[in-house]
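S.K.: Below is a structure I'd like to ask you about.
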Amino acid sequence: MDFEFSKDEDELRREVRNFIRTNLTPEVTQQLIVERDTGQRGPLAQAFFAKIYDAGYFAVSWPKEHGGRGMNAMAQFIVEDEFYRATDMRVGAVGSGAPAILECGTEEQIKTYIPAVIGREIVFAQGYTEPGCGADLAGIRCRAAREGDTYVINGQKIYVTEAHIATHMFLMVRTDPASKRHAGLSILLVPMTTPGITVRPLWTIQNDPEAPLGTTYGIRQVNEVFFENATVPASSLLGAEGDGWSVASRGLNLDRVGAFRYLISIMRDEDIVSWLNTDARGHERRADPVVRDKVAELWTEGQVCRLMTMRSLSIVERGGDFAYEGAAEKVWAPEHGVRATEAISQILGPYAQLLSSSTGAVESGVFAHNLLGAFQSTVNHGSVHVMRDQIARRGLGLPRPGRAK
Amino acid sequence: MDVLPDESEREIADQARAFLSSASPTALVRACESGDKYSPELWKQIVQLGWLDTCLPEDQDGLGLPLQYLTLLFEEAGRHLAPVPLLSVMVPLLVLAKYGAAAHAGVLRNVRDGDLLLSFAFQEADGAWSPDSIRMTARREGDALVLNGAKMFVDNFALSDCCLVAFRLEGQSGLTLALVDTSAPNISHVDLVPTAKDSEALVRFKDVRVPLTDIVGEIGKADQAVQEAMDLASLFCAAQLAGAARRATEMAVDYAKIRYAFEQPIGAFQAIQHLCADMQIGVDGAQLLCREASWKLAQGHDARVEISQAKSFANEKCVMACRSAQQIHGGLGFMMEFDLQLWYRRVVSWSLRYGTTSEHRRRIADHLLGHNGKVRLDGYATA
């Protein structure tokens, strides 16, 4: 057992913090926000990303030959941790898609995509969910038909968070129309500029008024994406045809654990303690024994989020696979985030309902917007209910419902 | 950072589990409950295995292993409900090793040889778990102190030969510790009947003479030693809770696989599956918090907050896990002849000993809210 980061890891944290202090000016932050909302990158943001790239922070844990620094998963966590805390964006992380490409891609695909993903020239949107299927991706109907050297795509994806700013889609399609459930699914890497693709915005409950920076799931826009005879070369296929389920699951596991999920679950605990310690009204509230008891409870739960994240990383570091530990973290952390968000609102009182544009809003309305967003973490990338199924079946060996007799 | 046990930690835990699996069957647990309250034979074996030497310093002939090893042993003791006074002995043993004088060397030796049992008495009638709540007094008479007062919830007092007692000497604001001979005149005790049905007592002191040589540390300066002892007790108890709740969870899962209702094993119903998942998560959390607290203590860090996190969390989640295990077993869980209740009854008692949830949370809050700055959960300074 070792519950402390090593000296080298602490040194890396200092280095990253220095980098951020030096390079993340308020002007850069402004351009990052614009980019997050519109996909338009300003020159200062461009220069900022170039420096991150040069410093190797995007892919610290990746092999050097693919543009990383060959460091471990803990190092990746530290970089993402510090960048997310400073920017409220996952700028220290390579997006989803890339890990699967690295593992399953051809040499050509790795050469084409990996450096560009690290350099942020290519950003993937994840195209899994459809109007008719979410948690059970086996129900995917979006179809890609092989015609000569191409795939012709028809269908619809929904809740695609980054479709309006992405350059490509990491798209799950059904390549074998006769197939059922997981068989017959494939992953295609699809440029968003492909003719036949239409992106239609879906506005979230965080859009009007806009959620302030630092909100849990403060995203304003997700999207529907329609495919009408969108045609891509057959070389867009990632991994083998029909093997899409296992290709995709490599990426999914990585989305469920790690710094981002941890931080959005525990930053509310830090917020409330900081508010009670620094705000005049907070000083009044912190004398209340009921408040103190609740804050200590939340803080302890937050520590369990941290320890479960560290456990997942420890398993990864040892080269092991999760039996259920990733799923456990994906239940505990998001649900803690919701409990914390709601409890904190009760501590703040009626002010906590005031959104960003309101008179009297606390800290730009972040607490009210958190109430709108926190539960999202219990839903995406495998809902907490599906995760509990996994714990029960994979971790505890309980039988599938309705099957065993 | 690697929060999983390393090879040698795992080896110690595995050995302890293998040993207790055969040496501490539920038949023994039951026999002790209705009989002598502990098994002298099992205790002898545990002493021979060297458990008491695990974390004693090497210059005192101990193994000098870091504290997380003991936490792992307490997890296993909890898992098997080992009917031995491990916690009651270990806490004063570690205090004596650190604060005791040469005069206590003989006692230490006898304890480690298995010839002497220890207990400790801090809590009083108000049931509070804090050095500040200790009211018992003593006055000086020649080369002895004379103790008056009562101690409550003294675990294994009736079994022990010596009891580490905390009190205040007249004219001193600080605490004093003494190792009191439990057979000294004018000490009496009444056995309590806790849900665990183990040995716990109300102990009365009426003009009990304690020779000055039995004082541990300095007169009026034992606050630190008492706090450390209380923290060790909270930590070890939390580890026992985690170990016991793990076993109860496993029993519930096993039962859910073989008990049929509506033509299916009840474990195929998601209501049961999700309950089991929550039990597993709660126990995992308690275990991780315990291990982190003990690791930090072993590193020489202040771990008071971590210990309070571990105990407050274990109190709630381990009771939840055991109660849920009872529930999954239906009527069986309520039956004396079925073993599961042995875990539930102990875990309920343990969750109320060595600090309740709100007491430990109070300490966490005092730490968090005692200053005027921003904080980070991981302890790093805010940017």
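Chains as they are written, first to last, in our numbering: chain A, 44 to 448; chain B, -4 to 378.
Ideal Cβ positions, reconstructed from N, Cα and C, are used throughout, including at glycine.
#1: Report yes or no: do three or more beta-carbon pairs, one from the stretch 60 to 72 of chain B and one from the stretch 0 to 16 of chain B, lie closer than 8 Å?
#2: State the DSSP-derived secondary structure class of K223 of chain A, mapped to helix, strand or coil.
#3: Considering only the alpha carbon of each residue, which of A:I161, A:Y100 and A:V338 lies closest to N320 of chain A?
#4: What are the boundary residues of the alpha helix (DSSP H) that M430 of chain A is part of?
#5: Along the chain, where does the beta strand (DSSP E) containing A198 of chain A start, and where does it finish?
#6: Taking only the alpha-carbon atoms, compute the straight-line gap between V334 of chain A and F162 of chain B and give it to the nearest angstrom.
#7: So, is the C-beta of T343 of chain A closer than 8 Å to a C-beta in chain B?
#8: Rounded to whole angstroms, what is the Cα-Cα separation between F92 of chain A and G110 of chain A?
#9: Looking at chain A, is there any beta carbon in it that lies within less than 8 Å of the beta carbon of G30 of chain B?
#10: Would you mind giving the Cβ-Cβ distance between V374 of chain A and I276 of chain B, rounded to the nearest angstrom? I have them listed as a contact below 8 Å.
#11: Distance check for A77 of chain B and V(-2) of chain B, CA to CA, integer angstroms please.
#12: In angstroms with no decimal places, state the Cα-to-Cα distance between D1 of chain B and Q282 of chain B.
#13: Which chain B residues sit within Cβ distance under 8 Å of T321 of chain A?
#14: First and last residue of the alpha helix (DSSP H) that includes A342 of chain A?
#15: Can you name the start and end residues of the alpha helix (DSSP H) that P238 of chain A belongs to?
#16: Going along chain A in order, which residues have a C-beta closer than 7 Å to the C-beta of R318 of chain B?
#17: Excluding the 5 residues preceding and the 5 following D218 of chain B in the sequence, name in chain order all residues of the same chain whose CB lies nearer than 7 Å to its CB.
#18: What residue from A:E58, A:P158, A:D219 and A:D331 has the CA that sits closest to E284 of chain A's CA?
#19: With distances taken between CB atoms, is the gap from I302 of chain B to S229 of chain B smaller than 8 Å?
#20: Should the stretch 197 to 217 of chain B be regarded as contacting the stretch 289 to 303 of chain B, the criterion being three or more beta carbon pairs within less than 8 Å?
#21: Is T218 of chain A helix, strand or coil by DSSP?
#22: Select from the stretch 116 to 129 of chain B all residues with a C-beta closer than 7 Å to any C-beta belonging to chain A, and list them in chain order.
#23: Is there a C-beta anywhere in chain A that falls below 8 Å from the one on M(-4) of chain B?
#24: Along the stretch 430 to 447 of chain A, what residues have a CB closer than 9 Å to any CB found in chain B?
#25: In chain A, which residues lie less than 8 Å from S307 of chain B when you measure between Cβ atoms?
#26: Quick one, which of A:T343, A:L180 and A:T259 has its alpha-carbon nearest G416 of chain A's?
#27: Under the three-state reduction of DSSP, which class applies to W124 of chain B: helix, strand or coil?
#28: Taking only beta-carbon atoms, is R354 of chain A less than 8 Å away from chain B?
#29: Around the Cβ of S400 of chain A, are there at least 16 other Cβ atoms within 10 angstroms (buried) or fewer (exposed)?
#30: Just the chain A side, please: which residues come within less than 9 Å of W290 of chain B by C-beta, in chain order?
#31: If you follow the beta strand (DSSP E) that H412 of chain A is part of, which residue opens it and which one closes it?
#32: Using 8 Å for Cβ pairs, my map puts V401 of chain B next to L112 of chain B. What's the rounded Cβ distance?
#33: Between the stretch 56 to 66 of chain A and the stretch 114 to 125 of chain A, do three or more beta carbon pairs fall short of 8 Å?
#34: Could you tell me the alpha carbon to alpha carbon distance between A447 of chain A and I253 of chain B, rounded to whole angstroms?
#35: Could you check which residue in B:V86, B:S34, B:L142 and B:G30 has the C-alpha nearest to that of L51 of chain B?
#36: Are the stretch 363 to 381 of chain A and the stretch 215 to 232 of chain A in contact at 8 Å, needing three or more beta carbon pairs?
M.R.: Considering the structure as presented:
#1: yes
#2: coil
#3: It is A:V338.
#4: V427 to Q433
#5: The residue asked about is misnamed: residue 198 of chain A is Gly in this sequence, not Ala. It spans T193 to K200 - the beta strand (DSSP E) in which G198 of chain A sits, taken as one unbroken run.
#6: Cα-Cα distance, rounded: 33 Å.
#7: Chain B places a beta carbon closer than 8 Å to that of T343 of chain A, counting this residue as a contact.
#8: Each residue's alpha carbon lies about 14 Å from the other.
#9: no
#10: 6 Å
#11: Straight-line Cα distance between these residues: approximately 26 Å.
#12: Between D1 of chain B and Q282 of chain B, the C-alpha separation is close to 15 Å.
#13: N367, G368 and K369
#14: In the sequence on display, residue 342 of chain A carries Trp and not Ala. Run containing W342 of chain A: P332 to E360, per the alpha helix (DSSP H) assignment.
#15: Looking at the DSSP string, P238 of chain A is not in any alpha helix (DSSP H), and its letter there is neither H nor E.
#16: What R318 of chain B touches in chain A: nothing, since even the nearest Cβ is about 18 Å away.
#17: P126, G169 and L170
#18: Looking only at A:E58, A:P158, A:D219 and A:D331, the smallest Cα-Cα distance to E284 of chain A is reached by A:D219.
#19: yes
#20: no
#21: coil
#22: none
#23: Yes, its Cβ sits closer than 8 Å to a Cβ of chain A.
#24: For the stretch 430 to 447 of chain A, the set of positions with a beta-carbon nearer than 9 Å to some beta-carbon of chain B reads M430, R431, D432, Q433, I434, A435, R436, G438, L439, G440, L441, P442, R443, P444, G445, R446 and A447 in chain order.
#25: A339, E340 and T343
#26: A:T259
#27: coil
#28: yes
#29: exposed
#30: M44, D45, F46 and E47
#31: Unbroken run through H412 of chain A is the alpha helix (DSSP H), V409 to G416; no beta strand (DSSP E).
#32: Because residue 401 of chain B is not part of the residues shown, which for chain B are -4 to 378, the question remains open.
#33: yes
#34: In this prediction, A447 of chain A scores a pLDDT of 49, lower than 50, which makes its location untrustworthy; no coordinate-derived value is stated.
#35: B:V86
#36: Too few Cβ pairs lie closer than 8 Å, so no.
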